[in-house]
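J.: Okay, handing you the structure first.
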Amino acid sequence: MTTNKNILVYPVVLHPEDEGYSVEIPDIDNGTWTQGEDLKDALLRAQDVIGAMLEDKSDYPKPSELEDITVKDNDIKTIVYIDMEEYRKNNPKTVRKSVTVPEQLVVLGKKQKLNFSAILTEALKNKLEV
1 MTTNKNILVY
11 PVVLHPEDEG
21 YSVEIPDIDN
31 GTWTQGEDLK
41 DALLRAQDVI
51 GAMLEDKSDY
61 PKPSELEDIT
71 VKDNDIKTIV
81 YIDMEEYRKN
91 NPKTVRKSVT
101 VPEQLVVLGK
111 KQKLNFSAIL
121 TEALKNKLEV
């Protein structure tokens, strides 16, 4: 079986609140927290926090074993998975890039109030087939 190093699985602990859930992610940044309005929202937010915290990394924290996580009372322990490649694709960071283009194109583009960054991004995606 082939493993994908971009798919991460981490245990989380859901703490029921009067409204929604607090979510503890013990293995990310020495314990990271988020919250959600309901179970689905809480798990999606946990997934998003993991992605945001690890998006600039290639060496990911080792996940704890689910059976090693202790919970109290009504707490729920479960797992969340995230595909980091997909996360990065859907949550792209932007960077400033200086480019050189013919002056006449700049003049015409400004007259038509074109968004040069959007056009360059679209052209790159087409060229790279992504």
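Numbering-wise (UniProt numbering), the sequence shown opens with residue 1 and increments by one.
Using N, Cα and C, we set each Cβ at its ideal position, and we do this for glycine too.
Just so you know, these numbers come straight off a predicted model, no measurement behind them.
Y60 CB to nearest chain B CB: under 8 angstroms?
T.: Looking at the structure shown, chain B is missing, and only one protein chain is on hand.
J.: Quick one: what's got a C-beta closer than 7 angstroms to S64's C-beta in the same chain, skipping five residues either side?
T.: Locating residue 64 in the sequence shown gives position 64, counting from the first residue. Closer than 7 angstroms at the Cβ level, and outside the excluded window around S64, lie P11, P26 and D27.
J.: Using a Cβ-Cβ cut-off of 7 angstroms (strictly less than) and excluding sequence neighbours within five positions of V9, which residues of its own chain qualify?
T.: Numbered from its first residue, the sequence shown carries residue 9 at position 9. So the qualifying residues of the chain are P63, I79 and Y81.
J.: Rounded to a whole number of angstroms, what is the C-alpha to C-alpha distance between N90 and V49?
T.: Along the sequence shown, read from residue 1 onward, the residue named residue 90 stands at position 90. Along the sequence shown, read from residue 1 onward, the residue named residue 49 stands at position 49. Computed Cα separation, rounded: 14 angstroms.
J.: Return the chain-ordered list of same chain residues with a C-beta closer than 7 angstroms to the C-beta of N74, the five sequence neighbours on each side being excluded.
T.: If you number the sequence shown from 1, residue 74 lands on position 74. Around N74: P16.
J.: Do you know how far the Cα of K72 is from the Cα of E55?
T.: Indexing the sequence shown from 1 puts residue 55 at position 55. Indexing the sequence shown from 1 puts residue 72 at position 72. Approximately 31 angstroms between the Cα atoms of the pair.
J.: Alpha carbons only, please: which of R88, A46, T100 and V130 is nearest the one belonging to T32?
T.: Position 32 of the sequence shown, counted from the start, is the residue given in the question as residue 32. Minimum Cα distance to T32 is reached at A46.
J.: By DSSP, does D73 sit in helix, in strand, or in coil?
T.: Within the sequence shown, residue 73 is the residue found at index 73, counting from 1. DSSP places D73 in coil when its eight states are reduced to three.
J.: Please name the residue or residues paired with D83 in a DSSP beta bridge.
T.: Walking along the sequence shown from the start, residue 83 turns up at place 83. Note: D83 sits in a beta bridge opposite I7.
J.: Pull up the distance between the alpha-carbon of L120 and that of A42, whole angstroms please.
T.: Numbered from 1 along the sequence shown, position 120 holds the residue referred to as residue 120. Numbered from 1 along the sequence shown, position 42 holds the residue referred to as residue 42. Approximately 36 angstroms between the Cα atoms of the pair.
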